[in-house]
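Just so we're aligned: 78 in UniProt numbering is position 78 of the sequence shown, and the numbers increase by one with no gaps anywhere.
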Amino acid sequence: MAVWSVYLLLCHGQRIYTGVSTDVARRVAQHERGTGAKFTRAHTPIALLGTTTCASRGEALRLEHRIKQLSPDAKRALALSWQSGLAPESPSDTPHKHAPPAP
1 MAVWSVYLLL
11 CHGQRIYTGV
21 STDVARRVAQ
31 HERGTGAKFT
41 RAHTPIALLG
51 TTTCASRGEA
61 LRLEHRIKQL
71 SPDAKRALAL
81 SWQSGLAPES
91 PSDTPHKHAP
101 PAP
């Protein structure tokens, strides 16, 4: 059974790409060669910000979708939490990019 991962790439223009793969190293190499996603062909990857594993492809895709709703700052914070091993179960603890400011 494949282990699915969600990963975040820092790209040119300070853009952050969120992706899903069973082999993050292979997928990042594809992005760097220009044979990955359309987004990373337009915004060349600079660095892998972080990765986390999921129990299934469906779980990885749901997490990817939730992460894509976050602001760039929230994505960076999430990647830092993955690196430190303090990742929440979901990014729901992080403010949504369209959420109104806290009072």
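Positions of the beta carbon are idealized from the N, C-alpha and C atoms, including for glycine.
A quick note: this is a predicted structure, and the numbers were derived from the prediction, not measured.
Take residue i and list the residues in its own chain whose beta-carbon comes closer than 6 Å to its own, dropping the five residues that flank it on each side.
{"i": "Lys38", "result": "none"}
{"i": "residue 114", "result": "The structure shown has nothing for residue 114, since the chain only spans 1 to 103."}
{"i": "Ala47", "result": "Leu10"}
{"i": "Val3", "result": "Thr53"}
Apply the 10 Å Cβ neighbour rule to residue i and answer buried if 16 or more other Cβ atoms are within range, or exposed otherwise.
{"i": "His65", "result": "exposed"}
{"i": "His12", "result": "exposed"}
{"i": "Arg41", "result": "exposed"}
{"i": "Ser56", "result": "exposed"}
{"i": "Ala74", "result": "buried"}
{"i": "Arg26", "result": "exposed"}
Would you tell me roughly how many angstroms separate the C-alpha atoms of residue i and residue j, rounded to the nearest one?
{"i": "Tyr7", "j": "Gly36", "result": "14 Å"}
{"i": "Ala77", "j": "Met1", "result": "30 Å"}
{"i": "Ser21", "j": "Glu59", "result": "12 Å"}
Going along the chain, which residues of its own chain have a beta-carbon closer than 8 Å to the beta-carbon of residue i, five neighbours each way excluded?
{"i": "His43", "result": "Cys11, His12, Gly13, Arg15 and Tyr17"}
{"i": "Leu61", "result": "Val20"}
So that I know if they touch, is there some Cβ in chain D lying closer than 8 Å to that of residue i?
{"i": "Thr40", "result": "Note that chain D does not occur in the displayed structure, where there is just one protein chain."}
Does any heavy atom of the ligand FAD sit closer than 7 Å to the C-beta of residue i?
{"i": "Glu64", "result": "As presented, the structure is devoid of all ligands, the ligand FAD included, so that no description of it is given."}
Answer yes if the segment 76-87 comes into contact with the segment 46-53, meaning at least three C-beta pairs across the two stretches below 8 Å, and no otherwise.
Result yes; three or more Cβ-Cβ pairs closer than 8 Å.
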